[in-house]
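Counted from 1, the sequence shown has number 761 at position 83 by the numbering used here; the numbering is strictly sequential.
Just so it is clear, CB atoms sit at the ideal spot from N, CA and C, and this is done for glycine as well.
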Amino acid sequence: MQHVYKSIIVLLLSATASMSVYAQYKPMNINTSKSTSKSMNMGMSEEMKDRQAQAIQKYILQRDELSDQIRDEKNSAKKQALMAEQLKLIKKHEESKRAMKKKMMKKHHQKMMNKKSMKM
Numbered sequence: 679m680q681h682v683y684k685s686i687i688v689l690l691l692s693a694t695a696s697m698s699v700y701a702q703y704k705p706m707n708i709n710t711s712k713s714t715s716k717s718m719n720m721g722m723s724e725e726m727k728d729r730q731a732q733a734i735q736k737y738i739l740q741r742d743e744l745s746d747q748i749r750d751e752k753n754s755a756k757k758q759a760l761m762a763e764q765l766k767l768i769k770k771h772e773e774s775k776r777a778m779k780k781k782m783m784k785k786h787h788q789k790m791m792n793k794k795s796m797k798m
């Protein structure tokens with residue numbers, strides 16, 4: 679009976695190990711990630727990239743500063759006000775990201791339509 683239990687344990691361990699090896703070596707589609715990162719900076723000058731990085735840095739610093747203030751605040755009313763301010767900051771940032779994405783998609787759509795009309 680002990681041999682049966684040992685055999686079952688060995689079988690389960692080997693099956694688990696083979697599944698983890700398969701999951702570890704699962705092929706990835708590398709081409710899509712490269713094209714995405716390449717297209718993100720397409721058409722941006724170094725100055726524009728620097729301004730964008732500075733804006734992101736400013737947002738992160740503001741958000742983290744508010745998080746620190748929220749964590750350190752003892753008064754619950756002030757804490758709620760800081761949390762509301764942080765939420766407002768996050769919503770503003772997310773809205774600007776959505777607007778930028780919409781603008782880029784519109785630009786891409788126009789570019790694709792121009793290519794399509796040139797072929798005809």
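For this session: For L691, count neighbouring Cβ atoms within 10 angstroms of its own Cβ and tell me buried if that reaches 16, exposed if not.
Result: exposed
Problem set entry | Cut-off 7 Å between Cβ atoms - residues of its own chain near K712, not counting five sequence neighbours on either side | Legend: pLDDT at K712 = 49, less than 50; position of this residue unreliable, no value from coordinates given.
Problem set entry | Exposure of L760, with buried meaning 16 or more beta-carbon neighbours within 10 Å | buried
For this session: Using three-state DSSP, classify K789 as helix, strand or coil.
Result: helix
For this session: Please work out which residues of its chain come closer than 8 Å, Cβ to Cβ, to I768, disregarding the five sequence neighbours upstream and downstream, and give them in chain order.
Result: R741
Exercise. What whole-angstrom Cβ distance do L744 and E724 have, given they're in contact under 8 Å?
Worked result: The pair is not a contact, with the Cβ atoms about 31 Å apart (cut-off 8 Å).
Exercise. How is the alpha helix (DSSP H) around K727 delimited, first residue to last?
Worked result: 724-750
Exercise. Is DSSP giving M782 helix, strand or coil here?
Worked result: helix
Exercise. Mapping DSSP to helix, strand and coil, what is M679?
Worked result: coil
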